[in-house]
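Each remark here refers to the structure printed beneath this line.
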Amino acid sequence: MSDRTFTTYPFGLTSNEKTLNGLVCGDFQTTDSIYRIALISGLSGKINSKKAHEEALNVFLKASEELSFIAADLSGTNASLAEFPYPANDGYFFDKTCPESRYLWRWITMEAPDIVLELNPGSPRSIKYYTGDSNDGSLLSALASGRGQTPGPIPGIRLTCPAETVGKEVEAVIDKMRSDSPRPSDARYELDRRSERSPLDTARILGTIYGYKLDEPVNYVQGVAISGRMRLSKLDAAYPDPADSIVKLVEFLTTEAGFAGNDKTGPNLAAMCWAEELLESTGGEIWKHLLLKAANTYSQFKNGTAPYPCHPDFGCEDMFFISAMCGRAYKITGDEQYLNTYSNFLLEASIQQNDGLFWHCRSTPYFWGRGNGFAALAFAEGLTYMPEQHSSRDQLIAMHAHHLDGLSKLQQPSGMWTQLLDFPGTYQEMSATCMIGYAMARGIRKGWLDQRFVSVLEKAWEGVNRRISNQGGLVDVCTGTGFQESREDYIYRAAEYGYDDRGGSMAIWFATEMERLQRSTSNR
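Each residue of the sequence shown is one higher than the last, beginning at 28 in the numbering used here.
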């Protein structure tokens, strides 16, 4: 029997919010030249296929190390997954009628096996092969066709046989796979190709798609990508200097009328984070004035209270908004008032729990993925601009490291973090992973984080990089989300697929920061 490692982890939820568990072989995620199979049993949800599934697993466990696998038995879910029409083109992950179908689809397509083996205990015995010309509406047919939300086609085999012969039948299927000189699936090939991209390669893709608009009222979800394009131009001599075109895009904010109406909330103000880069690039004092005008919107306040326009319940989002803008204002003025404004906010929020994680806000005790991404990003931004001798710096670093230690324990085998961090099985959310990864990369590069975070960061980058297509499409970015009233509200929050400003912004920041880290490491 192989001595390879195996991990069981939740990959989704049922309609009654129970976890769907999968098994992944330790070498499945590697770039080794092995053949990868997904074993799926119990799609009817009603036939107890547990024994047959275990028999098939025993065959896989004894197989040579040239074969790796993921596996899931879905019997007992009471979901008619075999009857659901595939592919599901929407409803991720808010459709409550059959959420299992979306989670299963996303798990298989983003793990990208070379073939899917569906095990169906029963009679009469039959084997059906699914390739690109299949079109019967089944899971295997849709996977093989490459239709829907997928990086590419994945062929399949449906094996129907009596439970008592499963072991022998699965052995025969594996032997035939070997004799047919198996090749990687198109989905596997595509994800491997994405994995080979450097951070700069990925940033270039994102820099051709995101950061070209700033709709009113302005919002950080577009503003961060504009900043990302400026950062990319400093790293890539071949990338056209975007300063002139960005000036034309954003100069309306330098007028009184343009600024009015765009300064009411933290998201509006953080949309102007690129003013620092424009000031450095063009030398135009107008960008300094704009940056200070945005930062000065934050009112003076008593200790223990949140400054306007922050929410009085100290939300994670405001941690980022205030740190980003007041940190930049301190950089260009040296006025410690800005330092104290954001450092006091971070220290007095009182929403970090004993395990290091952050509630969404004081009155919302849920560990939202992107909320914790905002918190990680806030500390990274704040520490970037804070002098080493500042009295709050050591305490902020300790809080930040405690947070990232807690997050590290919750990272999925794919490298991603989930929509609700303390609820395994909620969807793997991209923007949170980008923000957490950015914070780790910045902290390692700047020296306030040590090497224990390097492997966590590398896994996060791998997970994110595989979820960015060559057209800038993204996988599962939580839609805009305020403070929610219940845990269920977070569970069923929609996940965006394809073009998404919010995810694209955080992805280009993450990619450029990873490139900076790699360059700084190679120069040591």
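We put the beta carbon where it would ideally sit given N, CA and C, even for glycine.
Own chain partners of residue i with C-beta closer than 8 Å, once the 5 adjacent residues on each side are dropped
| i | result |
| --- | --- |
| Ile-518 | Leu-40, Glu-44, Phe-120, Gln-446, Leu-447, Phe-450, Thr-453 |
| Ser-377 | Phe-341, Arg-389 |
| Arg-514 | Tyr-393, Leu-447, Phe-450 |
| Met-28 | Reliability fails at Met-28, whose pLDDT of 39 lies under 50, so the model's placement of it is uncertain and the value that follows must be treated cautiously. Contacts found: Leu-88, Lys-89. |
| Arg-129 | Gly-39, Ala-115, Gly-118, Tyr-119, Phe-120, Asp-122 |
| Phe-480 | Leu-431, Ser-435, Met-467, Gly-470, Ile-471 |
| Gln-438 | Trp-444, Val-483, Lys-486, Ala-487 |
| Ser-222 | Thr-58, Glu-489, Asn-492, Arg-493 |
C-beta atoms of residue i and residue j nearer than 8 Å
| i | j | result |
| --- | --- | --- |
| Trp-488 | Met-413 | no |
| Pro-336 | Lys-275 | no |
| Ile-471 | Ala-403 | no |
| Gly-183 | Ala-199 | no |
| Tyr-325 | Ile-349 | yes |
| Glu-523 | Thr-548 | no |
| Ile-232 | Asn-492 | no |
| Gly-396 | Glu-303 | no |
| Ala-425 | Met-352 | no |
| His-17 | Leu-410 | The chain is shown only over 28 to 551; residue 17 falls outside these bounds and no answer can be derived. |
| Gly-234 | Arg-256 | yes |
| Ser-458 | Gly-499 | no |
| Gly-531 | Ile-236 | yes |
| Ala-538 | Pro-226 | yes |
| Thr-187 | Ser-161 | no |
| Ala-190 | Pro-148 | yes |
| Pro-126 | Ser-42 | yes |
| Tyr-9 | Ala-407 | The structure shown does not extend to residue 9, since the chain is modelled only from 28 to 551, so the question has no answer here. |
| Ser-76 | Ser-102 | yes |
| Leu-259 | Ala-230 | yes |
| Val-483 | Arg-494 | no |
Nonlocal neighbours in the same chain, by C-beta distance under 7 Å from residue i, ignoring five residues either side
| i | result |
| --- | --- |
| Gly-490 | Ser-441, Gly-442, Met-443, Thr-460 |
| Asp-432 | Gly-383 |
| Glu-344 | Gly-293, Phe-401 |
| Val-251 | Cys-300, Ser-532, Met-533, Trp-536 |
| Ala-405 | Met-346, Phe-347, Ser-350, Leu-373 |
| His-387 | Gly-342, Cys-343, Tyr-393, Trp-395, Gly-398, Phe-510 |
| Ala-169 | Tyr-113, Pro-114, Gly-175 |
| Tyr-369 | Ile-349, Ser-350, Cys-353, Gly-354, Gly-409 |
| Thr-281 | Ile-313, Leu-317 |
| Thr-391 | Phe-510, Gln-511 |
| Asp-527 | Leu-501, Val-504 |
| Asn-295 | Pro-244, Val-245, Asn-246, Asn-289 |
Rounded Cβ spacing between residue i and residue j (contact assumed at less than 8 Å)
| i | j | result |
| --- | --- | --- |
| Leu-318 | Met-299 | 7 Å |
| Val-143 | Leu-167 | 6 Å |
| Ser-107 | Gly-72 | 6 Å |
| Ala-98 | Gly-49 | 7 Å |
| Ser-91 | Ala-79 | Wrong, their Cβ atoms sit about 23 Å apart, outside the cutoff. |
| Ile-135 | Phe-96 | Not a contact, Cβ separation roughly 12 Å. |
| Ala-131 | Leu-66 | Residue 131 is actually Leu in this sequence, not Ala. Rounded, the Cβ-Cβ distance is 13 Å, inconsistent with contact. |
| Ala-270 | Leu-306 | About 11 Å; that fails the 8 Å criterion. |
Counted within 10 angstroms of its Cβ, other Cβ atoms place residue i as buried (16 or more) or exposed
| i | result |
| --- | --- |
| Ala-284 | exposed |
| Tyr-156 | exposed |
| Ser-254 | buried |
| Arg-529 | buried |
| Leu-374 | exposed |
| Gln-249 | buried |
| Glu-110 | exposed |
| Asn-330 | exposed |
| Pro-178 | buried |
| Gln-379 | buried |
| Ser-418 | exposed |
| Asn-550 | exposed |
| Gln-416 | exposed |
| Ala-321 | buried |
| Glu-82 | buried |
| Ala-264 | exposed |
Cβ of residue i within 8 Å of any chain D Cβ
| i | result |
| --- | --- |
| Pro-294 | Considering every chain present, this structure includes no chain D. It has just one protein chain. |
Cβ-based neighbour list, residue i, same chain, cut-off 6 Å, excluding 5 preceding and 5 following
| i | result |
| --- | --- |
| Pro-37 | Thr-46, Asn-48, Pro-451, Gly-452 |
| Tyr-62 | Leu-94, Asp-141, Pro-209 |
| Pro-339 | Ala-333 |
| Thr-158 | Ala-171, Pro-182 |
| Arg-420 | Met-413 |
| Leu-476 | Gly-470 |
Would you call the stretch 131 to 143 and the stretch 78 to 90 in contact, with 3 or more CB pairs under 8 Å? no
Counting Cβ pairs, one atom from each stretch, are 3 or more of them under 8 Å apart for the stretch 210 to 217 and the stretch 238 to 248? no
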